[in-house]
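In the working numbering, the protein residues as written are 22 to 1068.
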């Protein structure tokens, strides 16, 4: 069974700082949250616990049953906008303040709240169902009664859990047993640390030797483990068996752990549970999800505060002009209520419904199939992104390695010439059918210049032997596993390794004729093109480390007894190890520029005496207590001299489709792209070049590894002197820089055209996002596909998850989910841009609509001796912002200034939005002035032209107001949609039809006269015609950038 890796449990508050712990112990004890401390866990006896442990449950919900309604209402009313309307509606219960029917205030507010509650309830329900599915996953548990099934949520510390191949590890465990013959297992950790390399894990030696898994319950043993912490790369603990004589003690390290959210890649394993719930390493590396509020919403909130200020000023002016007569304080409140339309309650409804439309449009876009909008509250954010932070593996790349190049110095073989390599290998083995190929004697090797075939053969053999790959045989329905293993059946073989690069190399040697068919801890078997099995004994292995950047292996050829030391590694370290040559540096540079991951392969032949001398010194160094790693490294380095350079290999991690043009589009749109990855420095740099994240003309500054303040200071000064230079930095160096020189580092990094951070922990990714937001004040977008990207995605202003091979964890935690990285271009350039521009137009038009009627009310009150009497009452005031103007105004969400193809072709159009011009104080002021002009013209025109009855003023002014709004919508629209025309005609028809029922407010006989018609026509023309003329002149003499593209 292959599980999709689930969401992490919600992370609780961080462990308290040591200086605060003492005073809080009682509090922690009361609420059941004890301070984490080391623990002793008895195998198979969860009841023998020395402290309380959290339940192993996943919980991604923001609320529970009791906190849902209070929580949602609090989140709504903590914003000034909604709180203002609540107070307004409540004031109508006081008789002296009432201006009209209660429904005119409570119905709009109730509608707004109902929409919000329903949306939040739907999201919470989805979250609950996802969590329930994960918590209900079934695992096998070893007990005294045998194997029993247990839900993931019921697993406790001390349980012995069986995890099958391709199954998710449900809790942090110590590895006790495996079904694999070689006594180890591979682990996929990409959901935890972002690294695609499979990790080798070793069981506790004492428990692996037991005859059966059930014997684990018969022994008296326990694991002593450190307190839960955030470090996923280290672990300190001991295993003790008390019932043996003498008692067995084994030290435990990271090699013996199985962390939650990893996946077993080989065999079936048994582990004892150490940590659960919020104490899991993966959970402690996941930040709390935060409720994201869009920058656009905050800007609108700010404008409503300005409008509220205007409302207060107008009310005070009205009362002041009455000379504060009588109960003036009540008059102030009545005027505040009378002019409350200045802040439109329909603004929130229109914007929220607009967001729903944008989300629907994104989901329906056939150019980006499979896109899901999980957070419908922030689509406008997509239109103003300044920094894009992306994961590498599975996001930019397909996580599929392909062997591309073999370079021997004088000749290079590409994909199109691999058949030549194959023929060289075949010729070697067909020339010497009896003897396995080996160079007879060192003297012969030095005297005779080898042919090209033998050079190719030596290179291929070195690649086939120098690795950590294990071939594993599985039954394929025709052949069972044992038979496949015995006959080295090709169809049943799969390769397992800690690095996909190594698998690609071994698969390539198989394709050219030299096949890896068997391997255990002490031997390797290769098969020649003729079917001969070549046996090699592994004498020593020196694994790859981040510091050494190389791996080596010493093998003995069983047929000749010859001992050879093979080594492969990065060119920067291998250049000083191999014999002098004049081509290595140049060719490595050429291959790296093509985006290939380059490895240098070398060998050294050893005599038996040389090897015995080395082994003695190596064993001695491994036994030393002080400076062990330094002494071991010194001994190995004594071998690493004057090695014979065999070849260069070039492997490509294939990019996802159209990654290069997408990154180019984003760059042209003014978006700076940072790549944050858990992968190695060399790999990250290669991918950055290959994806053209770093252009060919740009220099790359690789930030040296720094460990203290002094080194960081020197390196930052060196970096400061570089200009227009991409930065590559490791997570360790980044941590030191941020600790001592946070401001200086961020200032320099923000000036870079591109930044690559490698070996990044999940929390570091989130920290970088947070620092960018704080230092620049710009909007950030994070893109990732693995569990290790969740913190970054949740921290960013806009999180995008890519559904890929690493499961759905990132896409479920993100605001937007896409299926391929290339879809990001259209999501931002088209949908982000349209959403922001439409919302900006919609919000300002709704404000204009409300300011118009408020201006008319102000003119009306001032003419009639500053009386706090409403101009329009009852249904007129509700109908104005609903059925009479709602459809045309809302149809602005369908407007667009350019076609989507043009927006994609000219990403520079997106750059204009980064300045926030569609919604600014300048555009707001223009709309305010338009509103005051139109409101004043309509009201004064009605007052001048009416003849006898007051009811005629209402008829003339209200009809002119409706027509003006419909014409203003037409003026604002840039690209007509058939629904916009329908909306205009529908609203006009609704108004004309409703006049029959409005006899209480409007004289029905008067509106049928010619006098009414010409008066309304004149007022409407005077209010709208100048604006049409101004728009024409502006388009003629100062056209916006997009109009040049559409013409």
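C-beta: ideal position from N, C-alpha, C; glycine also.
Q) Helix, strand or coil: which one does DSSP assign to residue 91? A) Under the three-state reduction of DSSP, residue 91 is assigned to helix.
Q) Quick one: what does DSSP say residue 45 is sitting in, helix, strand or coil? A) With a pLDDT of 37 at residue 45, under the threshold of 50, the modelled position of that residue is not reliable, and the figure given next carries that caveat. Residue state, collapsed to three classes: helix.
**Q.** CB of residue 702 within 8 Å of CB of residue 694, strictly
**A.** No, they are not a contact pair.
Q. Can you give the Cα-Cα distance for residue 322 and residue 1034, rounded to whole angstroms?
A. Roughly 40 Å between the two C-alpha positions.
Q | Straight-line gap, residue 459 to residue 593 (C-alpha atoms, nearest Å) | A | Bear in mind that a pLDDT of 47 at residue 459, under 50, signals an unreliable position, so the number given afterwards is only what the model happens to contain. Taken atom to atom, the span from the alpha-carbon of residue 459 to that of residue 593 is near 30 Å.
Q: Assuming residue 871 contacts residue 365 (C-beta within less than 8 Å), just tell me the rounded distance between them.
A: The beta carbons of residue 871 and residue 365 sit about 4 Å from each other, so the pair counts as a contact at 8 Å.
Q) Hey, how far is the Cα of residue 138 from the Cα of residue 196? A) Looking at the two C-alpha atoms, the distance is approximately 46 Å.
Q: Ignore the nearest five residues each way along the sequence and tell me which others in residue 305's own chain have a CB closer than 6 Å to its CB.
A: Residues 251 of the same chain have their beta carbon placed closer than 6 Å to that of residue 305, with the five preceding and five following residues left out of the count.
Q. In whole angstroms, what separates the C-alpha of residue 596 from that of residue 738?
A. Take the alpha-carbon of residue 596 and the one of residue 738: they are about 28 Å apart.
Q) What are the complete beta strand (DSSP E) segments, minimum 3 residues, inside the segment 615-683? A) Every beta strand (DSSP E) of 3 residues or more that sits fully in the segment 615-683 is shown, in chain order, as 618-627 and 665-676.
Q: Could you tell me if residue 129 is buried or exposed, where buried requires 16 or more neighbouring beta carbons within 10 angstroms of its beta carbon?
A: Within a 10 Å sphere around the beta-carbon of residue 129 sit 16 or more other beta-carbons, which makes this residue buried.
Q. Taking the Cβ atom as the reference point for each residue, do residue 537 and residue 482 lie within a distance shorter than 8 Å?
A. Contact flag unset, no.
Q. When the distance is taken between beta carbons, is residue 509 closer than 8 Å to residue 539?
A. Less than 8 Å divides the Cβ of residue 539 from the Cβ of residue 509.
Q: Identify which residue in 847, 623, 904 and 614 has its Cα closest to the Cα of residue 602.
A: Of the candidates 847, 623, 904 and 614, 623 places its Cα closest to the Cα of residue 602.
(Q) Can you give me the C-alpha to C-alpha distance between residue 899 and residue 866, rounded to a whole angstrom? (A) Whole-angstrom Cα-Cα distance: 17 Å.
Q. Beta-carbon separation of residue 293 and residue 179 under 8 Å?
A. The answer is yes: Cβ separation under 8 Å.
Q: Run through the segment 972-1031 for me and flag every whole alpha helix (DSSP H) of 4 or more residues, listed as ranges in chain order.
A: Here the runs fully enclosed are 999-1015.
Q) So does the segment 795-814 actually touch the segment 411-428, counting three or more Cβ pairs closer than 8 Å? A) Per the Cβ contact rule, the segment 795-814 is in contact with the segment 411-428 (3 or more Cβ pairs under 8 Å).
Q | Runs of alpha helix (DSSP H) lying entirely within the segment 69-117, each at least 4 residues, in chain order | A | Fully enclosed alpha helix (DSSP H) runs of no fewer than 4 residues occupy 89-98 and 101-112 of the segment 69-117, in order along the chain.
Q.
Using C-beta distances below 8 Å, list every residue in its chain close to residue 677, excluding the 5 sequence neighbours before and after it, in chain order.
A. Result list for residue 677: 416, 417, 418, 419, 841, 842 and 843, in chain order.
Q) residue 918 to residue 909, Cα distance in whole Å? A) Going by the C-alpha atoms only, they are around 17 Å apart.
(Q) Using a 10 Å radius around the Cβ and a threshold of 16 neighbouring Cβ atoms, would you call residue 165 buried or exposed? (A) It counts as exposed.
Q) Closest to residue 207 by CA distance: which of 265, 143 and 276 is it? A) Among 265, 143 and 276, the Cα nearest to that of residue 207 is on 276.
Q. Using CA coordinates, which residue listed in 560, 709, 679 and 424 is at the minimum distance from residue 10?
A. Any property of residue 10 remains undetermined from this structure, which presents the chain solely from 22 to 1068.
Q | Endpoints, the alpha helix (DSSP H) within which residue 8 is located | A | This structure cannot settle anything about residue 8, because the visible part of the chain is limited to 22 through 1068.
Q. Do residue 839 and residue 392 have their C-beta atoms closer together than 8 Å?
A. In this structure, the beta-carbon distance from residue 839 to residue 392 falls below 8 Å.
Q) residue 904: which of 236, 487 and 1009 sits nearest, CA to CA? A) Out of 236, 487 and 1009, 1009 has the C-alpha closest to the C-alpha of residue 904.
Q: With residue 746 as the anchor, note down where its alpha helix (DSSP H) starts and where it stops.
A: For residue 746, no alpha helix (DSSP H) encloses it; the enclosing beta strand (DSSP E) starts and ends at 746-751.
**Q.** Given residue 793 as reference, the closest of 408, 585, 147 and 961 once Cα atoms are compared
**A.** Residue nearest to residue 793 within the set 408, 585, 147 and 961 is 408 (criterion: CA-CA distance).
Q: Would you mind working out which of 295, 202 and 626 sits nearest residue 65, comparing C-alpha positions?
A: Of the listed residues, the one whose Cα sits closest to residue 65 is 295.
Q) Would residue 39 be called buried (16 or more neighbouring beta carbons within 10 Å of its own) or exposed? A) The predicted position of residue 39 is uncertain, since its pLDDT is 35 and thus under 50; a value taken from the coordinates is nonetheless stated next. Answer is exposed; the Cβ neighbour count stays below 16.
Q. So, is residue 1018 buried or exposed, given that buried needs 16 or more other C-beta atoms within 10 angstroms?
A. Of the other Cβ atoms in all chains shown, fewer than 16 fall within 10 Å of the Cβ of residue 1018; this residue is therefore exposed.
Q.
Extract the residue ranges of the beta strand (DSSP E) inside the segment 815-902, only unbroken runs of 3 or more that lie entirely within it.
A. Unbroken beta strand (DSSP E) runs of no fewer than 3 residues, entirely contained in the segment 815-902, are found at 819-823 and 837-839, following chain order.
Q. Between residue 746 and the rest of its own chain, which residues show a CB-CB distance below 6 Å, the 5 nearest in sequence each way excluded?
A. Counting only Cβ-Cβ distances below 6 Å, and skipping sequence neighbours, we find 720 and 722.
Q.
By alpha-carbon positions, which one of 182, 787 and 935 ends up nearest to residue 160?
A. The shortest Cα separation from residue 160 among 182, 787 and 935 belongs to 182.
(Q) Here's the rule I'm using: 16 or more other beta-carbon atoms within 10 Å means buried, otherwise exposed. How should residue 46 be labelled? (A) Any reading at residue 46 needs caution, since the residue's pLDDT is 38, under 50, leaving its predicted position unreliable; the model's value is listed next. Exposed: under 16 other Cβ atoms inside 10 Å.
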